[in-house]
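Asker:
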Amino acid sequence: NAGVTQTPKFQVLKTGQSMTLQCAQDMNHNSMYWYRQDPGMGLRLIYYSASEGTTDKGEVPNGYNVSRLNKREFSLRLESAAPSQTSVYFCASSADRGREQYFGPGTRLTVT
Amino acid sequence: GESVGLHLPTLSVQEGDNSIINCAYSNSASDYFIWYKQESGKGPQFIIDIRSNMDKRQGQRVTVLLNKTVKHLSLQIAATQPGDSAVYFCAEIEGYSTLTFGKGTMLLVSP
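In order, the protein sequence lines correspond to chains D and F. Just so we're aligned, residue 2 is where the first sequence starts under my numbering, counting upward by one. Just so we're aligned, residue 646 is where the second sequence starts under my numbering, counting upward by one.
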């Protein structure tokens, strides 16, 4: 069991470039999440998918889009990266829309 | 990684001491309160949770206390070890909504 995997681990983008962060889980979980983590800000929810086929906005969705490709995979897309999107991005999953979430190792994104 | 710890409240303890990490929450309607641990360079990891109708729950070397009167949550770690060094986040959840995380506390354990 790999748990939650994320690619890439590190990425540097120029302002205006686009990219997709990939996330996959092998625990047969229904719910998946994308968070960003900034110094002193804790974890803030960007988007989530309560079940396959559904996605909803979280606290900070602006500038992002998501796709729940299937039960295993949930991707996060930045269409036009901005320096304010420099952050560490975490994907997580849970059996239901629940309190015990399993996190991936994170993607450290820098936008210059 | 290391940048997570910038500007965070920090608790420094000696190995073997008991640690108490505190958290104030805001939503009196939350059903569950949860503690997560985040080691440097890793994603957060679930430690323990407590339902809102309880005031104490014990796990392995950890105890969570809930005081709803003052909206306060604490995590007690017994016999703290260097491996407990991490950032600890409290979180809350109401019904079928999503988790709301606090800003975190860094625990530093010196041998």
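The beta-carbon is built from N, C-alpha and C at its ideal position, and this holds for glycine as well.
Can you round the beta-carbon distance between Asp57 (chain D) and Tyr49 (chain D) to whole angstroms, since I take them to be within the 8 Å contact cut?
Answerer: Position 56 of the first sequence, counted from the first residue, corresponds to residue 57 (chain D). Position 48 of the first sequence, counted from the first residue, corresponds to residue 49 (chain D). Right, the Cβ-Cβ distance comes to about 6 Å (below 8 Å), so this counts as a contact.
Asker: So what does DSSP say about Asp39 (chain D), is it helix, strand or coil?
Answerer: Residue 39 (chain D) sits at position 38 when you count from the first residue of the first sequence. DSSP places Asp39 (chain D) in coil when its eight states are reduced to three.
Asker: Please classify Tyr34 (chain D) as buried or exposed, where buried requires at least 16 neighbouring CB atoms within 10 angstroms.
Answerer: Counting from 1 along the first sequence, the entry for residue 34 (chain D) is found at position 33. Buried: at least 16 other Cβ atoms inside 10 Å.
Asker: What does a CB cutoff of less than 7 Å around Val112 (chain D) pick up in its chain, not counting 5 residues either side in sequence?
Answerer: Along the first sequence, read from residue 1 onward, the residue named residue 112 (chain D) stands at position 111. Closer than 7 Å at Cβ, skipping near neighbours: Leu14, Thr16, Ala82, Ala83, Pro84, Gln86, Thr87.
Asker: Just list the residues that DSSP pairs Arg109 (chain D) with in beta bridges.
Answerer: To locate residue 109 (chain D), count along the first sequence from 1; it is residue 108. BP columns for Arg109 (chain D) point to D:Phe11, D:Val89.
Asker: Looking at the structure shown, is Asp786 (chain F) part of a helix, part of a strand, or coil, going by DSSP?
Answerer: Any question about residue 786 (chain F) goes unanswered here, given that chain F covers just 646 to 756.
Asker: What separation, rounded to the nearest whole angstrom, lies between the Cα atoms of Gly749 (chain F) and Trp680 (chain F)?
Answerer: In the second sequence, counting from the first residue as 1, residue 749 (chain F) sits at position 104. In the second sequence, counting from the first residue as 1, residue 680 (chain F) sits at position 35. Roughly 10 Å between the two C-alpha positions.
Asker: Taking DSSP as the reference, what is the three-state secondary structure of Asp729 (chain F)?
Answerer: Along the second sequence, one-based indexing puts residue 729 (chain F) at 84. Residue state, collapsed to three classes: helix.
Asker: Between Phe91 (chain D) and chain F, is the shortest Cβ-Cβ distance under 8 Å, so that the two count as touching?
Answerer: Within the first sequence, the letter at position 90 stands for residue 91 (chain D). Chain F contact via Cβ: present.
Asker: State yes or no: is the C-beta of Asn663 (chain F) within less than 8 Å of the C-beta of Thr745 (chain F)?
Answerer: Along the second sequence, one-based indexing puts residue 663 (chain F) at 18. Along the second sequence, one-based indexing puts residue 745 (chain F) at 100. For Asn663 (chain F) and Thr745 (chain F), no; Cβs fall outside 8 Å.
Asker: Kindly list, in the order they appear in chain D, the residues whose Cβ is closer than 7 Å to that of Tyr677 (chain F).
Answerer: Taking the first residue of the second sequence as 1, we reach residue 677 (chain F) at position 32. By Cβ distance, chain D contributes Arg100.
Asker: My assumption, with CB atoms under 8 Å, is that Val715 (chain F) sits in contact with Ser730 (chain F). Please give the rounded CB distance.
Answerer: Looking up residue 715 (chain F) in the second sequence gives position 70. Looking up residue 730 (chain F) in the second sequence gives position 85. About 28 Å; that fails the 8 Å criterion.
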